[in-house]
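Worksheet: one structure, shown below.
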Amino acid sequence: MINKEQYENILKTVKDNDATLVAVSKFKNVEDIKALYDLGQRDFGENYVQELMDKQAYFEGLGINDIRWHFIGHLQTNKVKYIASFVHLIHGVDSLKLLNEINKQAAKHQRILPVLLQMHIAQEETKFGMDHTEAYTLCEYYSANKGTYKNISIDGVMGMASFSEDLAKVKGEFDQLVSVHEMLQKHFFLASNRFKEISMGMSGDYELALASGSTMVRIGSLIFGNRN
Ligand SMILES: *Cc1c(COP(=O)(O)O)cnc(C)c1O
Numbered sequence: 421m422i423n424k425e426q427y428e429n430i431l432k433t434v435k436d437n438d439a440t441l442v443a444v445s446k447f448k449n450v451e452d453i454k455a456l457y458d459l460g461q462r463d464f465g466e467n468y469v470q471e472l473m474d475k476q477a478y479f480e481g482l483g484i485n486d487i488r489w490h491f492i493g494h495l496q497t498n499k500v501k502y503i504a505s506f507v508h509l510i511h512g513v514d515s516l517k518l519l520n521e522i523n524k525q526a527a528k529h530q531r532i533l534p535v536l537l538q539m540h541i542a543q544e545e546t547k548f549g550m551d552h553t554e555a556y557t558l559c560e561y562y563s564a565n566k567g568t569y570k571n572i573s574i575d576g577v578m579g580m581a582s583f584s585e586d587l588a589k590v591k592g593e594f595d596q597l598v599s600v601h602e603m604l605q606k607h608f609f610l611a612s613n614r615f616k617e618i619s620m621g622m623s624g625d626y627e628l629a630l631a632s633g634s635t636m637v638r639i640g641s642l643i644f645g646n647r648n
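Shown next, in the form of structure tokens:
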């Protein structure tokens with residue numbers, strides 16, 4: 421069951437901030453996704469390749485082809501090929517190896533696939549992502565080899581803050597992501613008008629994320645209810 425009132429409140433806040441709402445539908449059934457689709461939602465986020473493939477196929481079977489599927493989880497290199505034909509945006513690029521594979525698979529489908537660079541901003545060990553130096557090195561390589569990367573578009577950065585009640589800490593992590601975005605933009609993307617997304621903010625911290633400069637929030641449980 422989706423929470424319609426909650427969804428509409430969130431959507432208003434997101435729109436007031438000129439940001440994009442990605443409804444995170446992982447583990448949620450296609451009926452709930454369809455209910456949200458019928459309210460006008462088009463951007464959906466998924467974490468697991470197989471689940472994303474199944475859902476995409478289901479909606480395609482219904483003749484629904486205008487859902488923008490975001491891959492927001494950790495993407496294994498050997499699975500890129502399964503989603504490269506249809507995925508709208510891959511949020512979690514955290515290595516050159518993955519960037520190369522996405523470029524290669526996107527080429528097979530003659531498309532330019534947009535991605536975000538995942539930054540490690542939380543103090544927790546478990547979260548994926550690059551630090552400033554790794555991101556800098558990756559962008560340096562990308563810039564120097566632009567001719568090779570014809571099928572990829574680096575559209576910005578993504579990060580996950582700590583699960584914490586300590587708002588000052590979370591705010592500090594969001595500010596870090598904003599500043600790394602600015603740093604990378606200045607060094608590598610001045611000529612690009614696409615490097616503008618900052619994907620940050622989830623159910624527990626999206627308002628703070630928007631206030632801190634997020635352009636894209638990824639919200640699951642507030643809209644769809646808690647995951648089992
Ligand atoms: C699950 C998930 C979300 C959504 O989390 P909620 O707390 O349910 O809003 C956002 N981003 C990523 C990367 C996720 O894995």
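First residue of the sequence shown: 421, per the numbering used here; consecutive thereafter. In this text, a Cβ means the ideal position worked out from N, Cα and C, and glycines have one as well. As the structure is a computational prediction, the values presented were derived from the model and not from experiment.
Pairing Y502 with M539 gives a Cβ-Cβ distance that is not under 8 angstroms. Short note on L630: C-beta not closer than 7 angstroms to any heavy atom of ligand 1. Shortest gap from the CB of S582 to any heavy atom of ligand 1: 7 angstroms or more. Around the Cβ of H607, a 10 Å sphere holds fewer than 16 other Cβ atoms; the residue is exposed. For ligand 1, a non-hydrogen atom lies closer than 7 angstroms to the CB of K446.
Residue pairing of V535 in beta bridges, as defined by DSSP: I510, I574. In the three-state scheme derived from DSSP, where H, G and I count as helix and E and B as strand, T635 is classed as coil. Within the same chain, Cβ atoms closer than 8 angstroms to the Cβ of I532 are found at A526, K570, N571, I572, S573, the five residues on either side in sequence being excluded. Checking the DSSP bridge columns, you'll see M550 partnered with M539. Only exposed fits M421, as fewer than 16 other CB atoms lie within 10 angstroms of its CB. By a beta-carbon distance limit of 8 angstroms, V598 does not contact G621. Their separation comes to about 12 angstroms.
Partner residues in the beta bridge of D463, as assigned by DSSP, are R488. With contact defined as three or more Cβ pairs closer than 8 angstroms, the region 438 to 450 and the region 623 to 640 are in contact. Of all alpha-carbon atoms in I541, F447, Q426, the one lying nearest the alpha-carbon of N648 is that of F447. Linking E617 to D625 through their CA atoms gives a straight-line distance of about 18 angstroms.
Separation of the CB atoms of L630 and V507 is rounded to 25 angstroms, and the pair is thereby denied contact status at 8 angstroms. For S619, the pairing in a beta bridge is given by DSSP as M578, M636. The closest CA to that of S584, considering only I487, T557, G493, L628, is found on L628.
Contact check for F479 and D514: beta-carbon distance about 28 angstroms, past the 8 angstroms limit, so the pair fails to qualify. Relative to the non-hydrogen atoms of ligand 1, the Cβ of S634 never comes closer than 7 angstroms to any of them.
Taking the Cβ of N467 as the reference point, at least one heavy atom of ligand 1 falls within a distance shorter than 7 angstroms. A443 is bridged by DSSP to F464, I639. Apart from sequence neighbours up to five positions away, the residues of its chain that approach M578 with a beta-carbon distance below 6 angstroms are H511, L536, Q538, S619, ordered along the chain.
Annotation for I430: the continuous alpha helix (DSSP H) segment containing it runs 424 to 436.
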